[in-house]
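Here the protein sequences come in this chain order: A and B.
Using the numbering used here, read the first sequence as starting at 98 and increasing by one per residue.
Using the numbering used here, read the second sequence as starting at 98 and increasing by one per residue.
2 protein chains.
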Amino acid sequence: MAELIRVSAQSRSTAVAGAIAGVMREQEQTEMQAIGASAVNQAIKAVAIARGYLEQDGIDLVIAPMFTEVEIEGNERTAVRITIYRRPQSLLNSNGVYTRNGNGHVNGNSVPSLVLA
Amino acid sequence: MAELIRVSAQSRSTAVAGAIAGVMREQEQTEMQAIGASAVNQAIKAVAIARGYLEQDGIDLVIAPMFTEVEIEGNERTAVRITIYRRPQSLLNSNGVYTRNGNGHVNGNSVPSLVLA
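Structure below.
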């Protein structure tokens, strides 16, 4: 069963990033949930930070967001559910271009746009 | 060169989703940029909506967020840059479990958590 990392507007993005990194060192995927713009923003920032934390482990992340309905204190709310995956090798050169990060080394954290730009 | 889809707090998420879907029907990847919590939220909601638009095309999406510094009217701002990829087949059963969506059919839009839960 995938764990659910709940993110609120008050969550520190570095703390959430630490939780993401901890889980993703052990698992292929996990789930995150955020309700409201501030919480979604914290969640996405946390993923960006976690990608940095995991770089030395040779792990990169990709995510897939979807909507889900949840009940909070008897009220129906729309939450953003974000599945986090380890980034597969096939995405590293999906368009036939090897990717490079700022220091010229190719790894799982490389940014295609830096090469393509 | 990847295109850059700029998302602001005023962007309608359905309009951004239409732009994402249009590009991703033709390309393997594209880039989106958002500055501020509201814009990031609109961008993520747009990806969730675009996944639905693309379902009938047999295309699903995954994204990778990162920070980038941009200059806006002479001021340095931190933006969230989001690379959008077509979701590779390998992610559909990355943990050895076939995924299913609500109607019992397996496709690129299936949600692992619905099976794992």
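Quick reminder that beta carbons are idealized off the backbone N, C-alpha and C, glycines included.
query	result
In the DSSP assignment, what residue or residues form a beta bridge with T127 (chain A)?	A:I181
Can a CB atom of chain B be found closer than 7 Å to the CB of F164 (chain A)?	yes
On the CB-based measure, 16 or more other CB atoms within 10 Å of its CB, does A114 (chain B) come out buried or exposed?	buried
By Cβ distance below 6 Å, which residues in the same chain neighbour Q139 (chain B) in space, the five residues on each side in sequence not counted?	V104, S108, S110
Beta-carbon separation of P162 (chain B) and S187 (chain A) under 7 Å?	no
Hey, how far is the Cα of G155 (chain A) from the Cα of G171 (chain A)?	43 Å
Shorter than 7 Å from the beta carbon of I117 (chain A) to some beta carbon of chain B?	no
For chain A, is any of its Cβ atoms less than 7 Å away from the one on V120 (chain B)?	no
From M129 (chain A) to E100 (chain B), what does the alpha carbon distance come to, in whole angstroms?	28 Å
Which stretch, first to last residue, makes up the alpha helix (DSSP H) that contains A136 (chain A)?	134 to 150
Could you tell me if A145 (chain A) is buried or exposed, where buried requires 16 or more neighbouring beta carbons within 10 angstroms of its beta carbon?	buried
With a CB to CB cut of under 6 Å and the five nearest residues on each side skipped, what residues in its chain are close to A112 (chain B)?	none
State yes or no: is the C-beta of V167 (chain A) nearer than 6 Å to some heavy atom of the ligand GDP?	Ligands are entirely absent from the displayed structure, and the ligand GDP is therefore not among its contents.
Does DSSP classify A161 (chain B) as helix, strand or coil?	strand
I'd like the list of long-range same chain contacts for R174 (chain A), defined as Cβ closer than 6 Å, with 5 residues on each side in sequence excluded.	I132, V167
In terms of alpha-carbon separation, which member of A:T165, A:A147, A:F164 lies closest to L158 (chain A)?	A:A147
Whose Cβ in chain B lies nearer than 7 Å to the Cβ of S187 (chain A)?	P185, S187
By Cβ distance below 6 Å, which residues in the same chain neighbour T165 (chain A) in space, the five residues on each side in sequence not counted?	A176, R178
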